[in-house]
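This report concerns only the one structure given below.
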Amino acid sequence: MTDSKKEPNFIKDVLWKKWIHGSYRFIRNILIPYDIEIEKSITVKTPFSLTPYITILSVIVLLYSASQTHFSIPFIFERLTGLGNTVYVTQPPTAIQYFILYYLPPDWSVVSDIANPLIETVQMAFLGSLIGSILALPAAILASSNIVKSQYILVPVRLFLSFLRTLPIIIYASLFVLMVGFGALPGVMAIIVFTFSIVAKMLFERIETVDMGPYEAIQSTGATKLQSFMAAIMPQILPNFYSMSLYTFEINVRYAAILGYVGAGGIGEYLNQTFEVNKAGVLPILLFIWIIVVIIETTSRFLRRRFS
Amino acid sequence: MIKFKEVGKIYPNGTEALKNVTLDIEQGEFVTIIGLSGAGKSTLIRLVNKMHDVTSGELIVNDVPVDGTLTGKSLRKFRRKIGMVFQSFNLIGRTTVLKNVLAARVADIGFFKSLLGIYSLEDKVVSLNALEKLGILDKAYSRADQLSGGQMQRVALARTLAQEPKIILADEPVASLDPITATQVMKDFEKINKEFNITVIANMHHVDMAMKYATRVIGIRDGLVVYDGPTTTVTNDTLKMIYGRELTDDDIMDN
Amino acid sequence: MTKVNKEVSNDVQVTLDKEPSHLLTRVITISFLGLMTIWGLSAIDMKFNAGGFQTALNMSRYLFDPGEYAITTYITHAIPAQSVPLLMLETLMIAFIGTVLGAVLSIPISFLSSKNIVGEGKSIYGTTVITMIRTFPVFIWALIFIVIEGGALAGVLAIGVSSIGMISKLFIEAIEDIDKGILEALDSTGATALQKIRFGIIPQLTVNFLSVTIYRFEINVKNATLLGVVGAGGIGFLLTDATLNFNFDVVAVCLWGLIPTVIIIDAISTYIRNKLATGE
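Protein chains in written order, with this note's numbering: chain A, 12 to 319; chain B, 25 to 279; chain C, 29 to 308.
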């Protein structure tokens, strides 16, 4: 009789207790606070943590999103190599074949057509960045709590800036195209709005961390707030301002390239057309866009370093 | 001439910083204000250029009543003739010494010129003269943050000189400096006071410095003026009364 | 020498004459900027379109009342390609998966590019790759990945790859900032390498990593909208297409979906990141 007590019953003890019930307890302990005995007769409840719930939720959302967007490694693998079960009727079996068939060999004749649109792209980016940055300065001043004390000014200005930042630049571009017609103008306007919103935000965050001592000192000499700002605060923020403007210019060159898709000037429109009718021309265009981005980025980095 | 008549200052949070202050300061005096921290020294000084407002009594500075009528343009014009020197110098680090001094003239130049930082030849001459007076003309084009503490305070002093003021207010001007530098700066104050007949009112943390360079001492304790007289008649007992305790090493600069 | 009605000592005069003149640099910079501006302006066809304001007014009318047709068609429509809520959802999912993909790929890349992990010499390879990735605008990736499958997947992959750039850069900064002291302390208690990683390194990094990823997600929602225009799924195409066809009612419905979504995402993101920063 003592024998059967010592020998573990496989189904009851191992399978049930250890694995199934054990797993249940494991999960339950993670999700719900339980009592731990720290010392003799002192029990404490483990703290409740949202983390496991958030993780589970995230995983569910992740799996759902992946399935909806057709993101799955096996699928991508099949599309690339053609090894697999799915059959595509309307296009060549693998992505690589598609790529070779349509994108290659690159059609270099497009180069002669893209010179002007590319130039226009840079022009748009430059003009938009310049005007947007300059306009951002007074707006940032109005949004700085250490300069402007009135909530009636601070709150609306900051709300306005936040709101401007929500719409992606391409939406502004299409809206402006509607308002002023096709061409570079709506593109420049969209870039101005975009630059304005992010430079103003970066700028007022910087202004609020500035040393106010000299500002007060100049005010005590009888200068107006604006004069004191120009003399005491501007020198402190000017290097940052240049740096931010250049950085935004770098970003803008990339966006300017795509605004043409909605007719707002630049290389975008030509790129779109080429993609539709002459895929072989796409790679050369992308190459040149990339070259321009690199040139501008390098120059901008160099200049930004000089303003240290 | 600065006239305090039963002046009191109560801050919005209820603190009564100054009570019933009555005193006259003639043009050209070198006055020092001493007392414990929080006794009311800073407040007294800041009432003169209306950085704080008087809540009771009357304050008249050079025939201008410093009250609610002094605002906006008239206030700025009033402040032009009063310079202020701070314990933390309050210079603009990244710009040159000359530009820092020129900043004092900003209130006088037009809107666009101040925007672009264009000063007239006269502005530059006045500023350079001020720097020369303080012996740091050679540093005119150096960056302000590359100077020593003493030099920085002299630039600040030059900045007030460039205003061509009648009164200079100094809020613990040498408290951040070592004894030797502090002495140099105090000597500069003395020189300016004597040469240009500018009234100097200085808050001093260190009693020995105060005694050595000023001609008149005002002792404040708990918002009240407990002593007002020439430095020559100040005794240890007077100091004990002003501070309400024995002096410690902290209160003396040169130990 | 101009006359000034003040006494000028010799020394002062000398100093005055010595004034460093920034005139040359100023003139050059201003004229350069000026020329560039003129050059920039030449791109613009300045025919002032008075109709523009009229259009804007029309648009704003629709913004507040898109009308029966638009609402029923575009909100409740059965075809996913034309249902604003579904498209917004798709945009969000593209941004989400793309960001996760980028974050996951960034982890090994960042570790391999950190000076304190692989050494100063070897880290150069990684950083160069990351810099290269960062030079490519998002849409270039999208146009390439479209060969795999046009639509949402292309968007996911494009956002994934382009996110590697920013996430890795910020993550490398965090890795190189690790406090070695904690590792030494763990060492002294006899911890194994794995335990040192689990208790010493990971806690320091997770918060930072999460914050960076969430920040990038915020940006990627806007990128996902943008990529929709080049055909990578989401609401981008519908919105711009409707704009250019003057279907203001559709535009309005799309904006009804887009604007609140972005505002909410931005707000949640900022909230979470603030809580992470202050210790959640």
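C-beta atoms are modelled at their ideal positions from N, C-alpha and C, and glycine is treated no differently.
Using the Cα positions of residue i and residue j, report the straight-line distance between them to the nearest angstrom.
i, j, result
"C:Thr298", "B:Ser151", "49 angstroms"
"A:Leu26", "A:His32", "8 angstroms"
"B:Glu30", "B:Thr79", "11 angstroms"
"C:Arg162", "C:Ile152", "15 angstroms"
"B:Tyr237", "B:Val55", "9 angstroms"
"A:Gly276", "A:Ala195", "4 angstroms"
"B:Ile112", "B:Gln170", "It is Ser, not Ile, that sits at residue 112 of chain B in the sequence shown. Using only the alpha carbons, I get a separation of about 15 angstroms."
"B:Gly107", "B:Leu193", "6 angstroms"
"B:Lys101", "A:Leu314", "42 angstroms"
"C:Phe81", "C:Val278", "19 angstroms"
"C:Asn38", "B:Lys33", "49 angstroms"
"A:Ser140", "C:Thr268", "23 angstroms"
"A:Ala126", "B:Gly96", "57 angstroms"
"A:His81", "C:Ile287", "26 angstroms"
"B:Gly81", "B:Phe28", "8 angstroms"
"C:Ile291", "C:Thr119", "15 angstroms"
"C:Ala182", "A:Ser144", "34 angstroms"
"B:Lys137", "A:Ser155", "24 angstroms"
"C:Ile242", "C:Phe265", "25 angstroms"
"A:Lys56", "C:Val249", "40 angstroms"
Would you say residue i lies against chain C (beta-carbon separation less than 9 angstroms)?
i, result
"A:Leu172", "no"
"A:Leu135", "Here the sequence assigns Met to residue 135 of chain A, which means Leu is not the residue at that position. It does: the Cβ of A:Met135 has a partner Cβ on chain C nearer than 9 angstroms."
"A:Met241", "no"
"B:Asp162", "yes"
"A:Pro250", "no"
"A:Val159", "no"
"B:Val149", "yes"
"B:Glu156", "yes"
Can you confirm whether residue i, when its beta carbon is compared against all beta carbons of chain A, has any partner nearer than 9 angstroms?
i, result
"C:Phe227", "no"
"C:Leu51", "no"
"B:Thr119", "yes"
"C:Trp284", "no"
"B:Leu152", "no"
"C:Ile287", "yes"
"B:Lys33", "no"
"C:Val258", "yes"
"C:Met116", "no"
"B:Arg100", "yes"
Can you give the beta carbon distance from residue i to residue j, rounded, assuming they're within the 8 angstroms contact cut?
i, j, result
"C:Ile263", "C:Gly285", "7 angstroms"
"A:Leu257", "A:Ser208", "Contact flag wrong, Cβ pair sits at about 17 angstroms."
"B:Val109", "B:Pro197", "5 angstroms"
"A:Tyr116", "A:Ala291", "It is Pro, not Tyr, that sits at residue 116 of chain A in the sequence shown. Yes, A:Pro116 and A:Ala291 are in contact; Cβ-Cβ is about 7 angstroms, under 8 angstroms."
"A:Ile41", "A:Pro63", "5 angstroms"
"B:Ile191", "B:Val72", "7 angstroms"
"A:Leu148", "A:Leu214", "7 angstroms"
"C:Asn236", "C:Ala202", "4 angstroms"
"A:Ile303", "A:Leu129", "6 angstroms"
"A:Tyr266", "A:Ile180", "5 angstroms"
"C:Ala170", "C:Leu255", "5 angstroms"
"B:Val179", "B:Leu115", "6 angstroms"
So is residue i in contact with chain B if we call contact Cβ pairs under 9 angstroms?
i, result
"A:Ile262", "no"
"A:Glu227", "yes"
"C:Ser37", "yes"
"C:Glu246", "no"
"C:Val40", "yes"
"A:Gln162", "no"
"A:Gln320", "Since the first residue shown for chain A is 12 and the last is 319, residue 320 of chain A is missing from the structure and cannot be characterised."
"A:Ala151", "no"
"C:Thr43", "yes"
Between the stretch 132–143 of chain A and the stretch 62–71 of chain C, do three or more beta carbon pairs fall short of 8 angstroms? The stretch 132–143 of chain A is in contact with the stretch 62–71 of chain C.
Between the stretch 124–131 of chain C and the stretch 181–189 of chain C, do three or more beta carbon pairs fall short of 8 angstroms? Contact between the stretch 124–131 of chain C and the stretch 181–189 of chain C is present, with at least three C-beta pairs closer than 8 angstroms.
According to a CB-to-CB cut-off of less than 8 angstroms, which residues of the stretch 284–311 of chain A neighbour chain C? Those residues of the stretch 284–311 of chain A that come within reach of chain C (Cβ to Cβ, closer than 8 angstroms) are Phe286, Val293, Leu297, Ile300, Trp301, Val304, Val305, Glu308.
Give me the subset of the stretch 132–150 of chain C whose CB atoms are less than 8 angstroms from a CB atom of chain B, sorted by chain position. Listed by position along the chain: nothing, the set is empty.
Pairing CB atoms from the stretch 182–196 of chain A with CB atoms from the stretch 274–288 of chain A, are three or more of them under 8 angstroms? In short, these stretches touch, since the Cβ pair count reaches three.
Counting Cβ pairs, one atom from each stretch, are 3 or more of them under 8 angstroms apart for the stretch 62–70 of chain B and the stretch 124–131 of chain B? Contact fails between the stretch 62–70 of chain B and the stretch 124–131 of chain B, because fewer than three Cβ pairs, one in each stretch, are under 8 angstroms apart.
How about the stretch 191–200 of chain C and the stretch 130–150 of chain C: do they share at least three Cβ pairs that are nearer than 8 angstroms? The count of Cβ pairs closer than 8 angstroms, one atom from the stretch 191–200 of chain C and one from the stretch 130–150 of chain C, reaches three, so the stretches are in contact.
Can we say the stretch 170–187 of chain A touches the stretch 295–307 of chain A, given the rule of at least three CB pairs closer than 8 angstroms? Between the stretch 170–187 of chain A and the stretch 295–307 of chain A, the count of Cβ pairs shorter than 8 angstroms is below three; the stretches do not touch.
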